[in-house]
Amino acid sequence: MGVLLAFLAGGVAMGIGALYSTGSADLPVQDQQPLSFSHRLHAGTLNINCQFCHRYATQSLVAGVPSMALCQTCHQSIKNTTPDLQKFQTFWNQNRPIRWVRLQRLPDHVYFTHEMHLLAGLSCTSCHGKVSRMSHTPRAPSYEMGWCLTCHQQRGASQDCWTCHK
Amino acid sequence: MTKRPVGWEEIPVINRNLLSPLQTTTWRYFLWVGVLGCFVAAGAGAWTYQIQTGIGQTDLHPPIFWGSYIGSFVFWIGVSHSGTFISGVLRLTNAEWRRPVTRMAELMTIVALIVTALFVFYHLGRVWRFYYLIPYPNQRELWPNFRSPLMWDATAIFTYATASTIYIYLPLIPDFALMRDRIQGWRKPIYRWLAVGWHGSQAQWQTLETAIRIITPLIVMVMISVHSIVGWDFGVSLVPGWHSTIFAPYFVVGAVHSGLGMAVAGLYILRQTYRLDGYIQEKHFEKLAQLLMVTTLVLAYLYFAEQLTVWYGNVPDHMAVQNSLLTEMYAVPFWVMVGCIYLLPLLTLVWPRFRRWPFGLMVIGLIINVGMYIERMLIIVPSLGHPRLSFQWSEYFPSLIEFTIMIGTLAFALLLYSLALKFVPAISIWEEKAGRIHEYKTREE
Amino acid sequence: MNTRPERNDEQVVVGLFDPTIPLSPVLDQLRCEGIPDYRMTVISPFPLGNILINGPVRFPLHRITIISGLFGIGIGVCLSAGTALLYPLATGGKPIVSIPVVGIISFETMMLMAIIGTFMAMMIRIGFMQQSDLSHFPRTVEGAVGLSIHLGDETAKAQAISSLLQKAGAADVEIRTVGSHFRNGGT
Amino acid sequence: MSQDNQEAHEPSKQPTWSYKWEMVVDLDRCSGCEACVVACHAENNIRISGEEEAAQGRAINWIRIERYWEGEYPNVKVKFLPVMCQHCDEAPCEPVCPVYASYHTPEGLNAQVYNRCVGVRYCGNNCPYVARQFNWFDPHWEEPLAEQLNPDVSVRSGGVMEKCTFCVQRIRRGKETAAKEGRRVRDGDITPACVQSCPTSALIFGDRNDPDSRVSHLKKSERGFHLLESLGTHPSVTYLRRLSE
Numbered sequence: 001m002g003v004l005l006a007f008l009a010g011g012v013a014m015g016i017g018a019l020y021s022t023g024s025a026d027l028p029v030q031d032q033q034p035l036s037f038s039h040r041l042h043a044g045t046l047n048i049n050c051q052f053c054h055r056y057a058t059q060s061l062v063a064g065v066p067s068m069a070l071c072q073t074c075h076q077s078i079k080n081t082t083p084d085l086q087k088f089q090t091f092w093n094q095n096r097p098i099r100w101v102r103l104q105r106l107p108d109h110v111y112f113t114h115e116m117h118l119l120a121g122l123s124c125t126s127c128h129g130k131v132s133r134m135s136h137t138p139r140a141p142s143y144e145m146g147w148c149l150t151c152h153q154q155r156g157a158s159q160d161c162w163t164c165h166k
Numbered sequence: 001m002t003k004r005p006v007g008w009e010e011i012p013v014i015n016r017n018l019l020s021p022l023q024t025t026t027w028r029y030f031l032w033v034g035v036l037g038c039f040v041a042a043g044a045g046a047w048t049y050q051i052q053t054g055i056g057q058t059d060l061h062p063p064i065f066w067g068s069y070i071g072s073f074v075f076w077i078g079v080s081h082s083g084t085f086i087s088g089v090l091r092l093t094n095a096e097w098r099r100p101v102t103r104m105a106e107l108m109t110i111v112a113l114i115v116t117a118l119f120v121f122y123h124l125g126r127v128w129r130f131y132y133l134i135p136y137p138n139q140r141e142l143w144p145n146f147r148s149p150l151m152w153d154a155t156a157i158f159t160y161a162t163a164s165t166i167y168i169y170l171p172l173i174p175d176f177a178l179m180r181d182r183i184q185g186w187r188k189p190i191y192r193w194l195a196v197g198w199h200g201s202q203a204q205w206q207t208l209e210t211a212i213r214i215i216t217p218l219i220v221m222v223m224i225s226v227h228s229i230v231g232w233d234f235g236v237s238l239v240p241g242w243h244s245t246i247f248a249p250y251f252v253v254g255a256v257h258s259g260l261g262m263a264v265a266g267l268y269i270l271r272q273t274y275r276l277d278g279y280i281q282e283k284h285f286e287k288l289a290q291l292l293m294v295t296t297l298v299l300a301y302l303y304f305a306e307q308l309t310v311w312y313g314n315v316p317d318h319m320a321v322q323n324s325l326l327t328e329m330y331a332v333p334f335w336v337m338v339g340c341i342y343l344l345p346l347l348t349l350v351w352p353r354f355r356r357w358p359f360g361l362m363v364i365g366l367i368i369n370v371g372m373y374i375e376r377m378l379i380i381v382p383s384l385g386h387p388r389l390s391f392q393w394s395e396y397f398p399s400l401i402e403f404t405i406m407i408g409t410l411a412f413a414l415l416l417y418s419l420a421l422k423f424v425p426a427i428s429i430w431e432e433k434a435g436r437i438h439e440y441k442t443r444e445e
Numbered sequence: 001m002n003t004r005p006e007r008n009d010e011q012v013v014v015g016l017f018d019p020t021i022p023l024s025p026v027l028d029q030l031r032c033e034g035i036p037d038y039r040m041t042v043i044s045p046f047p048l049g050n051i052l053i054n055g056p057v058r059f060p061l062h063r064i065t066i067i068s069g070l071f072g073i074g075i076g077v078c079l080s081a082g083t084a085l086l087y088p089l090a091t092g093g094k095p096i097v098s099i100p101v102v103g104i105i106s107f108e109t110m111m112l113m114a115i116i117g118t119f120m121a122m123m124i125r126i127g128f129m130q131q132s133d134l135s136h137f138p139r140t141v142e143g144a145v146g147l148s149i150h151l152g153d154e155t156a157k158a159q160a161i162s163s164l165l166q167k168a169g170a171a172d173v174e175i176r177t178v179g180s181h182f183r184n185g186g187t
Numbered sequence: 001m002s003q004d005n006q007e008a009h010e011p012s013k014q015p016t017w018s019y020k021w022e023m024v025v026d027l028d029r030c031s032g033c034e035a036c037v038v039a040c041h042a043e044n045n046i047r048i049s050g051e052e053e054a055a056q057g058r059a060i061n062w063i064r065i066e067r068y069w070e071g072e073y074p075n076v077k078v079k080f081l082p083v084m085c086q087h088c089d090e091a092p093c094e095p096v097c098p099v100y101a102s103y104h105t106p107e108g109l110n111a112q113v114y115n116r117c118v119g120v121r122y123c124g125n126n127c128p129y130v131a132r133q134f135n136w137f138d139p140h141w142e143e144p145l146a147e148q149l150n151p152d153v154s155v156r157s158g159g160v161m162e163k164c165t166f167c168v169q170r171i172r173r174g175k176e177t178a179a180k181e182g183r184r185v186r187d188g189d190i191t192p193a194c195v196q197s198c199p200t201s202a203l204i205f206g207d208r209n210d211p212d213s214r215v216s217h218l219k220k221s222e223r224g225f226h227l228l229e230s231l232g233t234h235p236s237v238t239y240l241r242r243l244s245e
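Protein chains in written order, with our numbering: chain V, 1 to 166; chain D, 1 to 445; chain X, 1 to 187; chain C, 1 to 245.
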């Protein structure tokens with residue numbers, strides 16, 4: 001009797017939990033980019049500097065996603081051999097933006113500036129990993145507070161809460 | 001009414017009488033539990049609604065950031081002092097008459113502490129982040145701030161809850177062993193587990209009694225510290241009307257006052273429900289009434305001392321609070337409170353005949369608790385409502401959601417208590433037996 | 001200390017007494033018969049008050065209380081002072097390690113640990129004293145005081161002891177053989 | 001790849017300056033126009049409470065103009081008193097927070113970390129200035145108002161305490177600009193929204209550690225006083241008494 005009740009309660013709890021979590025979890029499907037852009041090709045094989053595309057990193061909070069015009073500087077002289085490149089051309093021709101899925105996210109209550117971190121001498125790979133070896137950029141592991149703190153402690157940066165929280 | 005037998009032959013009778021509530025359940029009990037369940041469900045619904053929509057479902061607003069939940073928190077932790085005081089202090093002083101009273105009061109302690117903890121959660125603005133208050137190593141590398149009186153409170157209440165659970169469990173072990181032998185069905189394995197192989201050998205009795213003897217003074221100290229700290233939650237702040245050195249002792253005595261009131265009321269109700277007249281006698285009520293008289297006088301003395309100091313000092317910030325109590329906004333609840341917790345008990349309990357009238361004492365016990373509930377609110381609201389910058393003066397009355405949650409929680413407390421009575425005997429069986437034999441032997445000599 | 005019998009067919013004499021009968025003379029007689037204290041167990045439904053049998057060595061429970069209390073102080077200091085030092089954040093002019101706070105928190109953790117320590121020690125102790133199921137007489141529940149004597153190797157004494165108990169006023173005397181079938185409550 | 005090779009791991013060589021932010025409120029200049037209140041709301045993503053909640057006393061204002069009336073009509077005199085968080089050096093609100101959501105920054109600011117706050121609201125009780133405000137419900141902005149939220153300030157969820165930060169986002173930006181140029185923040189570089197919008201310049205903000213800053217000079221004025229000075233909270237806001245009295 002007791003066991004039965006426990007199972008029943010557990011089942012109800014699981015059901016409610018499953019219903020509740022629907023839509024809130026990050027599923028791999030949601031990380032599907034409209035185009036399969038390869039960092040390995042661009043940053044690795046072609047050895048393009050990160051800041052060639054993410055040009056605002058040294059001057060602002062965000063690193064920025066390159067505009068399609070920037071892509072076009074190279075891609076206008078590259079033949080559309082692969083389906084993805086053709087898709088890219090279609091976007092460009094139709095004057096539509098590519099809706100990239102944002103994979104690197106910080107919560108709203110965190111103040112982070114790329115500018116100050118680059119100024120302090122950090123490189124992109126310190127936080128983003130070796131993207132030059134990733135053909136598919138994965139969702140960034142959550143940048144947890146302890147992870148930030150460890151680096152701040154090691155490098156003698158400020159550990160005041162209001163440095164990073166707003 | 002059970003006839004009270006004499007001598008050791010009465011032991012089987014004691015077993016039968018005190019175990020019968022656990023073995024037989026009437027339809028009235030189910031009805032009672034059902035009704036309580038409805039109230040609890042209403043309270044739970046109200047709380048869920050409050051969590052989903054926001055703590056704004058209360059009537060709180062600046063500068064009154066604390067209200068009925070904290071008031072109830074203080075009240076319930078006061079009620080929890082019934083058990084510890086009665087069984088701790090009386091065990092410490094070896095008062096023989098405590099025997100039939102201790103278990104009921106200790107159960108009250110546990111239930112009240114659970115309810116107390118609930119009110120902390122009702123109160124939190126973001127209750128889903130409650131784990132920020134728990135000290136554990138985490139990746140954020142942040143710990144709670146132990147400089148905050150609220151953390152003292154959390155530590156003290158955790159200690160108190162753990163200690164009280166142990167303290168009620170210790171004298172229950174022999175009773176669990178008894179129930180393991182006497183009660184069949186699904187409860188038997190639980191009792192077997194809880195009785196930890198108790199068989200009543202002298203060595204076991206010796207160990208148990210030593211443990212009780214050691215823990216009793218410790219838990220009395222914990223009890224005093226817990227309510228002192230609750231008092232300091234207010235006392236250490238800057239708020240006019242709170243910032244007072246008298247708060248710690250005042251809160252401790254106040255807690256014992258309402259705890260005793262609740263114990264008297266509970267005792268009467270249990271005695272009537274389970275026909276325990278043979279065990280809970282008029283002399284027990286009389287002793288409790290005497291204790292109540294003492295707490296009434298001490299509390300009145302402390303309260304007078306506090307109010308006199310404020311009045312004579314005549315500091316405007318503090319006078320604003322006192323005036324609002326004595327003559328202005330909160331005068332009605334204030335004078336009702338004075339009547340409930342000081343005047344009425346004083347006027348009635350001075351009569352020796354009244355002190356032997358269980359029903360009257362129950363009424364007084366309940367009135368004291370109503371008064372103490374009001375008193376807890378009156379400590380919080382008028383003080384917060386009169387901050388030093390008079391532009392911000394404000395008033396407060398609990399909202400419907402708050403009332404629903406408070407009533408639901410009261411029902412929850414009663415429900416827990418009623419359920420517990422089906423699991424543990426309301427009177428400590430072995431202590432009752434020991435008391436009878438002690439009485440028998442002393443009579444022989 | 002623990003008298004759980006090694007062999008399966010050990011004999012035990014059990015006497016059930018009216019609790020008003022003083023047991024110490026009976027125990028003295030048994031001692032004269034050459035039964036050592038550790039073979040005797042007195043079982044009662046409530047504490048008898050005076051210690052009848054020089055059974056197990058006195059248990060220094062208070063020492064455990066003190067030690068665990070001191071340990072609790074350590075925890076309290078670690079929590080209130082240690083965690084504040086780990087990530088020092090200034091608040092309202094209060095020092096990072098504030099002595100009254102350390103005092104209050106240490107007091108609470110001291111009490112917590114002292115009580116838990118005492119409780120655990122007591123539980124372990126009671127658990128260890130769980131002898132053979134034989135020493136469990138449901139009839140003590142009805143108010144009788146039980147006296148059981150484990151005979152060990154001296155099985156021959158069984159009759160003598162049983163009559164001794166009867167003469168001393170036992171309401172009921174029983175000679176039991178310890179076996180596995182006594183496991184559940186011994187009836 | 002070019003970036004990998006240039007990994008630099010020596011600690012940053014930025015020199016650090018110590019600041020102590022202070023504000024001066026010249027009561028003689030305050031006309032009670034409440035422009036500061038509006039500016040503060042816009043800058044700091046303060047929740048819109050609405051009529052009903054305002055009537056309940058729940059309208060959130062990080063800065064408010066308290067009005068005190070003197071005399072009987074028609075001989076009435078009104079006094080305005082702008083009150084915001086006083087950023088006390090010995091703030092009563094800070095030590096009572098059980099989770100360090102409220103603490104003191106090295107620059108003398110009284111900080112509130114919203115994401116740490118669990119909403120026990122003790123800080124609100126213990127603030128003698130009633131400067132702390134609480135989010136009783138989740139915030140909501142009608143479209144397209146949500147588009148004008150300041151990205152540098154987090155939007156506080158329900159159940160969180162909040163209060164004036166001296167526009168810490170502006171302070172932070174000012175410090176970053178100065179750090180990039182390798183210099184100290186100059187007086188006037190940073191202006192909180194209220195200071196910026198005050199038409200009569202009744203509010204002045206600056207760094208007290210800079211002896212030449214305007215606040216350092218004004219603080220020495222014989223008109224200067226602190227609100228509820230007797231409580232010993234050592235506020236960072238100095239009021240200048242009205243001249244007409």
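Every residue, glycine too, gets a C-beta built ideally from N, C-alpha and C.
Alpha carbon to alpha carbon, how far is residue 423(D) from residue 446(D)? Give it in angstroms, no decimals. Outside the displayed range of chain D (1 to 445) lies residue 446(D), so it cannot be described from this structure.
Between the beta-carbon of residue 285(D) and the beta-carbon of residue 356(D), is there less than 9 Å? Cβ atoms of residue 285(D) and residue 356(D): closer than 9 Å.
In its own chain, which residues sit with a C-beta less than 7 Å from the C-beta of residue 305(D), not counting the 5 before and 5 after it? Only 246 meet the Cβ criterion.
In three-state terms, what does DSSP make of residue 216(C)? The answer is helix: DSSP assigns residue 216(C) an H, G or I state.
Close beta carbons around residue 361(D), own chain, < 6 Å, minus the five adjacent residues each side: 264, 285 and 289, listed in sequence order.
To the nearest angstrom, how far is it from the Cα of residue 315(D) to the Cα of residue 231(C)? CA-to-CA, the gap between residue 315(D) and residue 231(C) works out to about 13 Å.
Would you kindly work out how many angstroms separate the C-alpha atoms of residue 131(V) and residue 47(V), rounded to a whole number? For the pair residue 131(V) and residue 47(V), the Cα-to-Cα distance works out to about 11 Å.
Here's the rule: buried if 16 or more other CB atoms are within 10 angstroms of the residue's CB, otherwise exposed. What is residue 296(D)? Classification for residue 296(D): buried.
Beta carbon proximity, residue 428(D) to chain C, threshold 9 Å: Taking 9 Å as the CB threshold, residue 428(D) stays off the interface with chain C.
Among the candidates 122(D), 147(D) and 204(D), whose CA atom is the shortest distance from the CA of residue 122(X)? Minimum Cα distance to residue 122(X) is reached at 204(D).
Taking only the alpha-carbon atoms, compute the straight-line gap between residue 88(D) and residue 39(X) and give it to the nearest angstrom. Looking at the two C-alpha atoms, the distance is approximately 36 Å.
Measure the Cβ-Cβ separation of residue 125(X) and residue 165(D) and say whether it is below 9 Å. Against a cut-off of 9 Å, the Cβ pair of residue 165(D) and residue 125(X) comes out as no contact.
Using the rule of at least 16 other Cβ atoms within 10 Å of the residue's Cβ for burial, across every protein chain shown, is residue 140(C) buried or exposed? By the Cβ-count criterion, residue 140(C) is exposed, with fewer than 16 other Cβ atoms from all chains shown falling within 10 Å of its own Cβ.
By alpha-carbon positions, which one of 365(D), 158(D), 337(D) and 35(D) ends up nearest to residue 349(D)? Ranked by Cα distance from residue 349(D), the first of 365(D), 158(D), 337(D) and 35(D) is 365(D).
Cβ-Cβ separation, residue 133(D) to residue 37(C) (assumed contact under 8 Å), whole Å: About 34 Å; that fails the 8 Å criterion.
Within chain D, partners of residue 129(C) - CB distance below 7 Å: By Cβ distance, chain D contributes 389.
Span of the alpha helix (DSSP H) holding residue 287(D)? Taken as a continuous stretch (DSSP letters only), the alpha helix (DSSP H) holding residue 287(D) covers 282 to 313.
Residues of chain V with CB closer than 9 Å to the CB of residue 176(C), please, in chain order. What residue 176(C) touches in chain V: 113, 115, 116 and 119.
Member of 172(D), 219(D), 72(D) and 36(D) whose CA lies at the smallest distance from the CA of residue 406(D): Residue 72(D) is the option with its Cα nearest to residue 406(D).
Contacts that residue 13(X) makes with chain D (C-beta to C-beta distance below 9 Å): Proximity of chain D to residue 13(X) at the Cβ level (cut-off 9 Å) is not reached, the minimal Cβ distance being about 16 Å.
Determine the direct distance from the alpha carbon of residue 53(V) to that of residue 126(V), and round the result to whole angstroms. Taking the straight line joining both Cα atoms gives about 18 Å.
9 Å is my cut-off, CB to CB: does residue 74(X) come that close to chain C? For residue 74(X), the answer is no, since every Cβ of chain C falls outside 9 Å of its Cβ.
Same chain, Cβ closer than 8 Å to residue 426(D), five either side skipped, listed in chain order: A distance below 8 Å between beta-carbons, with the five flanking residues on each side excluded, links residue 426(D) to the following residues of its chain, in chain order: 18, 21, 103, 104, 107, 270, 274 and 276.
Just to make sure I have the definition right: I need the residues of chain X whose C-beta is within less than 7 Å of the C-beta of residue 200(D). Which are they? Ordered by position in chain X, the residues that pass the 7 Å Cβ test against residue 200(D) are 43, 44, 45 and 140.
Let me see if you follow: with CB-CB separation under 9 Å, is residue 148(C) close to chain V or not? Residue 148(C) does not count as touching chain V.
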